[in-house]
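Numbering (this note's numbering), first residue to last: 179 to 469.
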């Protein structure tokens, strides 16, 4: 990313495909929202772990999952929703990332909901329930509304419409996508605004699984990040952090403060079939400190 950053560069977009144990994900990336506009190494590593047998998704049947600091791509959260084990996956970041994040989530999961933040509760920006079948259309109402549980009343499009703008799509590939998406029929997916320094109680805490990837980059935000992780999790929650040592000051602050909140252990790549990573990239499991 260039410091000079021309206007053309900041608005350019590119598409990037991923395959995690047969699960297809394609995200649109770009520098328009800054550092959160692209998938970094930690996000890929965390998605690999979630897709592996080591994660043992069946243990989390009916559990709720949260991704913090998802950026504009939300790769780990999308993969978590594709697993089909969670009852709800909430994918979050700050407001400037939400429109692009919603578009990426909608393109990869079996629903599409119009982004209408001006008429949704403050914490919630978009939601869709995979079991809904009646489509909402681009010409539909500006405000979709929510029910008492903060779930969207207007359901999304069927899975076979997520590639509706791709003419002459290969039918075999589309059938594969439909089969893949059918595994998430019971998963509610929300794209929500969440600033680490703000109250997260509207999200119905705690979550059973909390995901974080490439979130350590602003030294001043590390205290708020750790407090947010603690506030959104519980003593029995699984907290997964993919960390890349890219910003020295932020990393120093994070690892200095971390023991005040959590114990941690590294998850070795060999245990989930990933290639050995450089020393500055790793996946960690955090657990609440015993009080």
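Where is the CB? At the ideal position from N, CA and C, for every residue including glycine. Predicted, not measured: the structure shown is a model, and the values here were computed from it.
Original post:
Would you say the stretch 205–219 touches the stretch 391–407, given that touching needs at least three Cβ pairs under 8 Å?
Top reply: yes
**OP:** Note down, one range per segment and in chain order, each beta strand (DSSP E) of at least 3 residues found wholly within the stretch 378–412.
**Re:** 387–391
**OP:** For the stretch 256–273 and the stretch 362–374, state whether three or more C-beta atom pairs, one from each stretch, are separated by less than 8 Å.
**Re:** yes
Subject >> Cβ neighbour criterion (16 or more within 10 Å) applied to residue 446 >> reply: exposed
Subject >> Close Cβ partners of residue 303 (< 6 Å) along its chain, the five nearest in sequence each way excluded >> reply: Unreliable placement is indicated for residue 303, whose pLDDT of 40 sits below 50; no coordinate value is reported for it.
Subject >> Residue from 416, 457 and 452 with nearest C-alpha to residue 440 >> reply: 416
Original post:
In terms of residues, what are the limits of the alpha helix (DSSP H) holding residue 433?
Top reply: 426–435
**OP:** Whole angstroms is fine: what's the gap from residue 281's alpha carbon to residue 252's?
**Re:** 10 Å
Original post:
Using 8 Å as the threshold, is the stretch 192–205 in touch with the stretch 236–253, meaning 3 or more CB pairs across them?
Top reply: yes
Original post:
Comparing alpha-carbon positions, which option in 413, 442, 454 and 386 lies nearest residue 241?
Top reply: 386
**OP:** Give the straight-line distance between the Cα atoms of residue 234 and residue 197, rounded to the nearest whole angstrom.
**Re:** 18 Å
Original post:
Which partner residues does residue 438 have in the DSSP bridge list?
Top reply: DSSP output for residue 438 lists no bridge partner at all.
Original post:
If you count every other CB in all the chains shown that lies within 10 Å of the CB of residue 239, and 16 or more means buried, which is it?
Top reply: exposed
Original post:
Considering only the beta carbon of each residue, do residue 374 and residue 413 sit closer than 8 Å?
Top reply: no
**OP:** Please report the Cβ distance between residue 285 and residue 211, rounded to the nearest whole angstrom; I am assuming they are in contact, meaning their Cβ atoms lie under 8 Å.
**Re:** Not quite, the Cβ-Cβ distance comes to about 16 Å (not below 8 Å), so this is no contact.
Original post:
Excluding five sequence neighbours on each side, which residues of the same chain lie with their C-beta closer than 8 Å to the C-beta of residue 191?
Top reply: 206, 207, 208 and 210
Original post:
Who are the near neighbours of residue 484 in its chain, counting only those whose CB is closer than 8 Å to its CB and skipping five residues on each side?
Top reply: Here the chain covers residues 179 to 469 and nothing more, so residue 484 does not appear.
Original post:
Can you name, in chain order, every residue of its own chain whose Cβ lies under 7 Å from the Cβ of residue 264, other than the five neighbours on each side?
Top reply: 238, 241, 242, 243, 258 and 365
Original post:
Roughly how many whole angstroms lie between the Cα atoms of residue 195 and residue 227?
Top reply: 17 Å
**OP:** Could you check which residue in 443, 397, 199 and 448 has the C-alpha nearest to that of residue 424?
**Re:** 397
**OP:** Grab the span of the beta strand (DSSP E) containing residue 279 for me, first residue to last.
**Re:** Taken as a continuous stretch (DSSP letters only), residue 279 belongs to no beta strand (DSSP E), being part of the alpha helix (DSSP H) at 273–286.
Subject >> Those runs of the beta strand (DSSP E) which lie wholly inside the stretch 211–257 and span at least 3 residues >> reply: 242–246
Subject >> CB of residue 432 within 8 Å of CB of residue 400, strictly >> reply: yes
Original post:
Within 10 angstroms of its Cβ, does residue 468 collect 16 or more other Cβ (buried), or is it exposed?
Top reply: exposed
**OP:** Pick helix, strand or coil for residue 450, following the three-state DSSP scheme.
**Re:** helix
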